[in-house]
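*Asks:* Taken in order, the sequence shown gives residues 1490 to 1813; the numbers are from the working numbering.
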Amino acid sequence: MIDKVLGIDVSKRKFDVALRWKEGKTRSHKFSNSQKGFRELAEWLKKMGAERVHACLEATGSYGVGLAKFLHGQAHVVSVVNPARIKAFGRSEGIRAKTDRVDAKLIARFCEAMEPRRWEPPAEELEELQGLVRRMESVQRMLSQERNRREAPGISPSVRESLGRTVRMLEGELERLREQLRGHLERHPELKQQQELLSTIPGIGEASANLMLSELCGRDFHSARELAAYAGLVPEIRESGSSVRGKGRLSKRGNHRLRRALWWPAIVAMRHNPLLEHFAQRLREAGKPSKLIIAAVMRKLLHIAFGVLKHQRPFDPNYSPSPS
1490 MIDKVLGIDV SKRKFDVALR WKEGKTRSHK FSNSQKGFRE LAEWLKKMGA ERVHACLEAT
1550 GSYGVGLAKF LHGQAHVVSV VNPARIKAFG RSEGIRAKTD RVDAKLIARF CEAMEPRRWE
1610 PPAEELEELQ GLVRRMESVQ RMLSQERNRR EAPGISPSVR ESLGRTVRML EGELERLREQ
1670 LRGHLERHPE LKQQQELLST IPGIGEASAN LMLSELCGRD FHSARELAAY AGLVPEIRES
1730 GSSVRGKGRL SKRGNHRLRR ALWWPAIVAM RHNPLLEHFA QRLREAGKPS KLIIAAVMRK
1790 LLHIAFGVLK HQRPFDPNYS PSPS
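1) With 16 other CB atoms within 10 Å as the buried threshold, where does Lys-1789 fall?
2) Express the C-alpha separation of Gln-1684 and Arg-1649 in angstroms, rounding to a whole number.
3) Would you call the region 1604-1621 in contact with the region 1552-1565, where contact means no fewer than 3 C-beta pairs closer than 8 Å?
4) If you reduce the DSSP assignment to three classes, tell me which class Ser-1568 lands in.
5) Name the two residues that bound the continuous beta strand (DSSP E) containing Asp-1498.
6) Find the nearest neighbour of Glu-1845 within the set Leu-1798, Lys-1535, Gly-1496, Glu-1582, judged by alpha-carbon distance.
7) Below 8 Å, can you find three or more Cβ-Cβ pairs linking the region 1588-1600 to the region 1540-1552?
8) Is the distance from the Cβ of Gly-1653 to the Cβ of His-1761 below 8 Å?
9) Give me whichever residues DSSP pairs with Phe-1504 in a beta bridge.
10) For Glu-1695, report the span of its alpha helix (DSSP H) as first-last.
11) First and last residue of the alpha helix (DSSP H) that includes Ala-1769?
12) Glu-1460 bridges to which residues according to DSSP?
13) If you run the structure through DSSP and keep just helix, strand and coil, what is Thr-1515?
14) Classify Arg-1585 as helix, strand or coil using the three-state DSSP reduction.
15) Report the CB separation of Ala-1769 from Val-1786 in whole angstroms; it is logged as a contact under 8 Å.
16) At the level of alpha carbons, what is the spacing between Glu-1582 and Asp-1589?
17) Using the C-alpha atoms, what's the distance from Glu-1664 back to Ser-1647?
18) Pick helix, strand or coil for Trp-1608, following the three-state DSSP scheme.
19) Indicate whether Glu-1660 and Leu-1632 have their beta-carbon atoms separated by less than 8 Å.
20) Quick one: any contact between the region 1749-1757 and the region 1694-1712, if contact means 3 or more CB pairs under 8 Å?
21) So if DSSP puts Lys-1509 in a beta bridge, which residue, or which two residues, is it bridged to?
22) With three or more beta-carbon pairs closer than 8 Å as the criterion, would you say the region 1516-1532 touches the region 1612-1622?
23) Can you say whether Asp-1492 is buried or exposed, counting buried as having 16 or more other CB atoms within 10 angstroms of its CB?
24) Thinking C-beta only, is Ala-1720 closer than 8 Å to Asn-1744?
25) Taking only the alpha-carbon atoms, compute the straight-line gap between Ala-1698 and Asp-1505 and give it to the nearest angstrom.
26) Give the straight-line distance between the Cα atoms of Lys-1587 and Ala-1755, rounded to the nearest whole angstrom.
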């Protein structure tokens, strides 16, 4: 029986918590964002008589992952929630103050009122996949920056030589990461099969398939629309009464890495994927702007990827599985 909720506001070095009872009583505390802080939180919860709580925290990058795993391992119910939902809930309550302690209390009230979905930690092989892909992305970004600096005119020979050494080091590290990723996929045939299925979709190459698979990271989506919403690729309509008629736009309230992973595949797919080539042409003939067309193709690609993974079938332009 869970009769208490725990709102958690996490930052890099610390986290604030608000323990809330059903009758509205709240107790607040602050801990370091470390294994020592996690153990102190567990002791504090026991002291408060909270053997099992529904803990809720925002999905804010990697800062809260360790704490979420710890609480899950302690048999607490854990929810990791889109910050936009917490923000909207705060506006509905007329909250104006903005402190870590106030935010923790707000998250606790949200958890009590909305009872968000239970979070489960991803399997180890999925975490490893995501870690390797994200690290490759970071190294590739550093490599591009150093190459651009090396090509800049007017730098001294010694600086150019230093940049050359850094470029060679980063190239070697990137190749090592690629080998690690290949080995990881070979050791996990199910992941390898999913990557190969995604790669059958014209426009999605091996690197894009790896990135998409890593960002889906074992999540269970019930429909293609739910997946598109997770990526921030659903339209946001701006209409109110008779006076507000704003242009529709993408929500972008979702996984930005997944959106970025789909940008170039969408451009390639408009030239080499017959289904999406015709789809894009219809939008052009309707006078739609280029960016909107690319975004629409990105969403279509995600729908196709959902169908391919759900039905475990390679892409077939003559077969159209239901997106739901």
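Glycine is no exception: its CB is placed at the ideal position from the N, C-alpha and C atoms.
Quick caveat: nothing in here was measured; it's all calculated off a predicted structure.
*Replies:* Result, derived from the coordinates:
1) For the purposes of this step, residue 1789 is taken as the residue at position 300 of the sequence shown. Lys-1789 comes out buried.
2) Translated into the one-based positions of the sequence shown, residue 1649 becomes position 160. Translated into the one-based positions of the sequence shown, residue 1684 becomes position 195. A direct Cα-Cα distance of roughly 39 Å separates Arg-1649 from Gln-1684.
3) Result yes; three or more Cβ-Cβ pairs closer than 8 Å.
4) On the sequence shown, residue 1568 is found 79 positions in, with the first residue counted as 1. Here DSSP, grouped into helix, strand and coil, assigns Ser-1568 to strand.
5) On the sequence shown, residue 1498 is found 9 positions in, with the first residue counted as 1. The continuous beta strand (DSSP E) containing Asp-1498 extends over residues 1493-1499.
6) The requested residue 1845 is not part of the displayed model; the chain covers only 1490 to 1813.
7) Yes, since at least three Cβ pairs between the region 1588-1600 and the region 1540-1552 fall closer than 8 Å, the two stretches touch.
8) One-based indexing of the sequence shown puts residue 1653 at position 164. One-based indexing of the sequence shown puts residue 1761 at position 272. It is not a contact, given that the beta carbons lie outside the stated cut-off.
9) Within the sequence shown, residue 1504 is the residue found at index 15, counting from 1. Paired residues: Val-1499, Phe-1520.
10) The residue given as residue 1695 occupies position 206 in the sequence shown. Element bounds for Glu-1695: 1695-1705.
11) The residue you call residue 1769 lines up with position 280 of the sequence shown. Counting along the chain, the alpha helix (DSSP H) containing Ala-1769 begins and ends at 1763-1774.
12) This structure leaves residue 1460 out entirely; the chain is present only between 1490 and 1813.
13) Here the question's residue 1515 lines up with position 26 in the sequence shown. Correct three-state label for Thr-1515: strand.
14) By one-based count along the sequence shown, residue 1585 stands at place 96. If DSSP states are grouped into helix, strand and coil, Arg-1585 belongs with coil.
15) Position 280 of the sequence shown, counted from the start, is the residue given in the question as residue 1769. Position 297 of the sequence shown, counted from the start, is the residue given in the question as residue 1786. Contact holds; Cβ gap of about 6 Å.
16) The residue you call residue 1582 lines up with position 93 of the sequence shown. The residue you call residue 1589 lines up with position 100 of the sequence shown. Approximately 17 Å, taken between the alpha carbons.
17) Residue numbering aside, residue 1647 sits at position 158 when the sequence shown is read from its first letter. Residue numbering aside, residue 1664 sits at position 175 when the sequence shown is read from its first letter. One C-alpha to the other measures close to 26 Å.
18) Numbered from 1 along the sequence shown, position 119 holds the residue referred to as residue 1608. In this structure, Trp-1608 counts as coil in the three-state DSSP scheme.
19) Here residue 1660 corresponds to residue number 171 of the sequence shown, with the count starting at 1. Here residue 1632 corresponds to residue number 143 of the sequence shown, with the count starting at 1. The Cβ atoms of Glu-1660 and Leu-1632 lie closer than 8 Å to each other.
20) Enough Cβ pairs lie closer than 8 Å, so yes.
21) By 1-based counting over the sequence shown, the position of residue 1509 is 20. A quick correction: the sequence has Arg, not Lys, at residue 1509. The bridge partners DSSP lists for Arg-1509 are Val-1494, Thr-1515.
22) No: the two stretches stay apart, fewer than three of their Cβ pairs being nearer than 8 Å.
23) One-based indexing of the sequence shown puts residue 1492 at position 3. Answer is exposed; the Cβ neighbour count stays below 16.
24) Translated into positions along the sequence shown, residue 1744 becomes position 255. Translated into positions along the sequence shown, residue 1720 becomes position 231. Yes, the pair counts as a contact, with Cβ atoms nearer than the cut-off.
25) Position 209 of the sequence shown, counted from the start, is the residue given in the question as residue 1698. Position 16 of the sequence shown, counted from the start, is the residue given in the question as residue 1505. Rounded to whole angstroms, Ala-1698 and Asp-1505 show a C-alpha spacing of 38 Å.
26) By one-based count along the sequence shown, residue 1587 stands at place 98. By one-based count along the sequence shown, residue 1755 stands at place 266. Cα to Cα, the separation comes out at about 40 Å.
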